[in-house]
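Quick note: the sequence shown uses the working numbering, first residue 1349, plus one each step.
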Amino acid sequence: HRPDLIDYNHLRKENAVYNLQYAFEVAEKELDIPIMLDANDIASTMRPDERAIMTYVSSYYHAFASSQQASQAANRICKVLNVNQENETLMEDYEALASGLLEWIEHMIPWIDQMREQRASSISEVKARLEEFRTYRLTVKPPKTEEKGKLITDYNTLQTKLRLSNRPAFLPSEGKLINDIERAWDNLETTERGVEQHLMSELIRLQRLEHLFARFSQKCDSLAAWITETKAFFKKDNIAEADLNELLGKIKSDDAFDTDMGIHRERLDQIANLAQDMVQQGFSKAAEVAARSQAMNGLWENLLVARTKHREDLETARETQEKIDTMRLEFAKKANPFNNWLEGAREDLLDTFVCHSIEEVNSLVTAHEEFKACLPEFHQIFLDIQQLQQEIDVIATFGSNPYTNLEVDSLGTKWNELLQLIPQRDQLLQDALVKKKKVPTATLR
């Protein structure tokens, strides 16, 4: 209610007793509210005397009641307290999130360095590391990336709220500034750069020490499994029930899929090169290798066909959902003003009136007739809204309108109610007119 009375720079976060005493003194000096509580007792007691607290708080109520309603003062006090509590929570959340993120980075950097520097002794060990690193990149790291983004966003939000509240800026603990977080994150990314390539090179180095046929079979099995999983994903991807935002996300994912396709295309080429090497070297199972290589090419071609169809289905669904979205936005643009008009008209029709002369009654009658004259125009607007909703229902099989909560049925109910109120208003005005005609003007005076 009166935040200007408190010098927030004068407060001490670590000294609750001081802050309470300072607030009591300001209230006594500026608002003539006597000090009824002991700051030490409140700070040292888990559950202070509720009656004493309520008695003191009621003094604020009475102090503010002369200038504004008590409820407004109470609401403003609660708002200030809530804002301060929210700010304190944001500060604590920032410290906790920053500590956790920095600890995670400090833990991961040695782990990544070990992956790069410690030489593997077998193919299985290299594969395990490669899987761990991909799991880290695809599963473990993304949530931490989101945490980092949230940390920065929360920090900026907190500083803005403090500035708007005329509070001093938040200064994180030493080593937990945004620059410290960014620096630690850059170190992590620098450490992990090239690790996957290193592991792949190590895998190739070890694989060349083993039989070429074993390498060839493994690559064929791996690629075939990925192709099967990818085709299964395309088949089960529920495009028909995805809304516009989901479709846009799917399209972005599909765009990113080109990179994955490129990686696996390289694996297909590696299979072809291995097959060529084995055939040229006169491998005893050369015919089997050539047939397997040809079969892998066939699987890849089938995958390309499935991917193309999947993308076409996404684009078709996106166009449909964009059309639905446009129509729903148009519905909201028409329905919201129409609903506002309905509610305003209803209030006018229900509004009571007291007329002191027949001229005043005639003025109300004229205004009411003008209102009735515009009903056809608004009825047409309602019909347009109904028609638009019918068109939406034809192509939209799921989802609700994100731009408004209004529905045609509720608008129809309000419209019918309005039509029922009009003759009632007519009767009231006619009764008032008849009454004023019977009462002489001199009597009214």
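Ideal Cβ positions, reconstructed from N, Cα and C, are used throughout, including at glycine. Everything numeric in this text was worked out from a predicted model, so none of it was measured.
Original post:
Can you tell me the Cα-Cα spacing of M1456 and P1490, whole angstroms?
Top reply: The residue you call residue 1456 lines up with position 108 of the sequence shown. The residue you call residue 1490 lines up with position 142 of the sequence shown. Between M1456 and P1490, the C-alpha separation is close to 14 Å.
Subject >> Rounded distance between the beta-carbons of K1492 and L1449, thought under 8 Å >> reply: Translated into positions along the sequence shown, residue 1449 becomes position 101. Translated into positions along the sequence shown, residue 1492 becomes position 144. At roughly 7 Å, the Cβ-Cβ gap stays under 8 Å, so L1449 and K1492 are in contact.
Subject >> Distance between Y1404 and R1350 (C-alpha atoms, nearest Å) >> reply: Against the sequence shown, residue 1350 aligns to sequence position 2. Against the sequence shown, residue 1404 aligns to sequence position 56. Cα-Cα distance, rounded: 17 Å.
Original post:
Hey, quick one: how far does the alpha helix (DSSP H) through K1498 stretch, first residue to last?
Top reply: Stepping through the sequence shown from its first residue, residue 1498 is reached at position 150. K1489 to L1512 is the extent of the alpha helix (DSSP H) around K1498.
Original post:
With a CB to CB cut of under 7 Å and the five nearest residues on each side skipped, what residues in its chain are close to A1324?
Top reply: Outside the shown range of the chain (1349 to 1793) lies residue 1324, about which nothing can therefore be said.
Subject >> A1387 versus R1676: straight-line alpha-carbon distance, rounded >> reply: Walking along the sequence shown from the start, residue 1387 turns up at place 39. Walking along the sequence shown from the start, residue 1676 turns up at place 328. So the two alpha carbons sit approximately 58 Å from each other.
Original post:
Can you tell which of H1410, L1368 and S1407 has its C-alpha closest to the C-alpha of A1391?
Top reply: Position 43 of the sequence shown, counted from the start, is the residue given in the question as residue 1391. Looking from the CA of A1391, the closest CA among H1410, L1368 and S1407 belongs to L1368.
Original post:
Considering only C-alpha positions, which residue in the set Q1545, Q1772 and F1730 is nearest to E1465?
Top reply: Numbered from 1 along the sequence shown, position 117 holds the residue referred to as residue 1465. Closest option to E1465, Cα to Cα, is Q1545.
**OP:** Please list, in chain order, all residues of the same chain as I1611 whose beta carbon is under 8 Å from its beta carbon, the five residues on each side excluded.
**Re:** On the sequence shown, residue 1611 is found 263 positions in, with the first residue counted as 1. For I1611, where only same-chain residues beyond five positions count, there are no Cβ hits under 8 Å.
**OP:** Please specify which runs of the alpha helix (DSSP H), each continuous and at least 4 residues long, are wholly inside the segment 1357–1403, giving them in chain order.
**Re:** 1364–1379 and 1387–1392
Subject >> Range of the contiguous alpha helix (DSSP H) that encloses F1686 >> reply: As a position in the sequence shown, residue 1686 is number 338, starting the count at 1. Start and end: A1634 to L1698.
**OP:** In angstroms with no decimal places, state the Cα-to-Cα distance between Q1778 and L1512.
**Re:** If you number the sequence shown from 1, residue 1778 lands on position 430. If you number the sequence shown from 1, residue 1512 lands on position 164. Going from the Cα of Q1778 to the Cα of L1512 covers about 56 Å.
Original post:
Smallest Cα separation from I1729: which of A1715, F1679 and L1379?
Top reply: What you label residue 1729 is simply residue 381 of the sequence shown in a count that begins at 1. Selected option, being the one with the closest Cα: F1679.
**OP:** Go ahead and label H1658 buried or exposed: buried means 16 or more other beta carbons lie within 10 angstroms of its beta carbon, across all protein chains shown.
**Re:** Residue numbering aside, residue 1658 sits at position 310 when the sequence shown is read from its first letter. Buried, because 16 or more other Cβ atoms sit within 10 Å of the Cβ of H1658.
Subject >> Q1466 in three-state terms, based on DSSP >> reply: Within the sequence shown, residue 1466 is the residue found at index 118, counting from 1. Coil.
Original post:
Ends of the alpha helix (DSSP H) at K1524?
Top reply: Reading the sequence shown from its first residue, position 176 is the one you call residue 1524. Taken as a continuous stretch (DSSP letters only), K1524 belongs to no alpha helix (DSSP H), as it is neither H nor E.
Subject >> Chain-order list of residues whose beta-carbon lies under 8 Å from that of R1793 (same chain, five-residue window excluded) >> reply: Within the sequence shown, the letter at position 445 stands for residue 1793. Residue confidence for R1793 is low, a pLDDT of 35 falling below 50, so the modelled location carries little weight; the figure read from the coordinates is stated next. Around R1793: no qualifying Cβ.
Subject >> Secondary structure of D1355, DSSP reduced to three states >> reply: Mapped onto the sequence shown, residue 1355 falls at position 7. Residue state, collapsed to three classes: coil.
Original post:
Among T1752, F1746 and S1758, which residue has its Cα nearest to the Cα of A1588?
Top reply: As a first step, residue 1588 must be located in the sequence shown, where it is residue number 240. Comparing Cα-Cα distances from A1588 to each of T1752, F1746 and S1758, the minimum goes to F1746.
Subject >> Spatial distance of C1722 from Q1772 (CA atoms) >> reply: Taking the sequence shown and counting its residues from 1, one reaches residue 1722 at position 374. Taking the sequence shown and counting its residues from 1, one reaches residue 1772 at position 424. The alpha-carbon atoms of C1722 and Q1772 are separated by roughly 18 Å.
Subject >> Backbone CA spacing between K1498 and E1695 [nearest angstrom] >> reply: Within the sequence shown, numbered from 1, the residue matching residue 1498 stands at position 150. Within the sequence shown, numbered from 1, the residue matching residue 1695 stands at position 347. So the alpha carbons of these two residues sit roughly 46 Å apart.
Original post:
In or out: Y1356 buried (at least 16 other Cβ within 10 Å) or exposed?
Top reply: In the sequence shown, counting from the first residue as 1, residue 1356 sits at position 8. Label assigned to Y1356: exposed.
Subject >> Where H1612 falls: helix, strand or coil (DSSP) >> reply: As a working mapping, residue 1612 is identified with position 264 in the sequence shown. Helix at H1612.
Original post:
Excluding sequence positions up to five away, which residues of its chain have a Cβ less than 8 Å from the Cβ of K1682?
Top reply: The residue given as residue 1682 occupies position 334 in the sequence shown. Cβ neighbours of K1682 beyond the five flanking positions: I1729, D1732, I1733 and L1736.
Subject >> Proximity winner among K1377, G1523, T1393 and L1754, relative to A1411 (alpha-carbon distances) >> reply: Reading the sequence shown from its first residue, position 63 is the one you call residue 1411. It is K1377 whose Cα lies nearest to the Cα of A1411.
**OP:** Leaving out five residues on either side along the sequence, give the residues of the same chain with a beta carbon under 8 Å from the beta carbon of E1765.
**Re:** One-based indexing of the sequence shown puts residue 1765 at position 417. Result list for E1765: R1694, in chain order.
Subject >> Nonlocal neighbours in the same chain, by C-beta distance under 6 Å from H1727, ignoring five residues either side >> reply: Counting from 1 along the sequence shown, the entry for residue 1727 is found at position 379. Closer than 6 Å at the Cβ level, and outside the excluded window around H1727, lies no residue.
Original post:
Count the other CB atoms within 10 Å of the CB of R1477; is the residue buried (16 or more) or exposed (fewer)?
Top reply: Counting from 1 along the sequence shown, the entry for residue 1477 is found at position 129. Counting the other Cβ atoms within 10 Å of the Cβ of R1477 gives 16 or more, which makes it buried.
Original post:
Is DSSP giving R1515 helix, strand or coil here?
Top reply: The residue given as residue 1515 occupies position 167 in the sequence shown. R1515 falls in the coil class under three-state DSSP.
Original post:
Grouping DSSP H, G and I as helix and E and B as strand, with all else coil, what is Q1778?
Top reply: In the sequence shown, residue 1778 corresponds to position 430, counting from 1. Reduced to three states, the DSSP call for Q1778 is helix.
Original post:
Below 8 Å, can you find three or more Cβ-Cβ pairs linking the segment 1568–1575 to the segment 1638–1654?
Top reply: yes
Original post:
Mapping DSSP to helix, strand and coil, what is F1564?
Top reply: By one-based count along the sequence shown, residue 1564 stands at place 216. Helix, per DSSP.
Subject >> Beta-carbon proximity of F1686 to L1767, cut-off 8 Å >> reply: Counted from its first residue, the sequence shown places residue 1686 at position 338. Counted from its first residue, the sequence shown places residue 1767 at position 419. Going by C-beta atoms, F1686 is not nearer than 8 Å to L1767.
**OP:** Label L1547 either buried or exposed according to how many other C-beta atoms from any shown protein chain fall within 10 Å of its C-beta, with 16 as the threshold for buried.
**Re:** Residue 1547 sits at position 199 when you count from the first residue of the sequence shown. Label assigned to L1547: buried.
**OP:** Decide if R1482 is buried, meaning its Cβ has at least 16 other Cβ atoms within 10 Å, or exposed.
**Re:** Mapped onto the sequence shown, residue 1482 falls at position 134. The residue is exposed, with fewer than 16 neighbouring Cβ atoms inside 10 Å.
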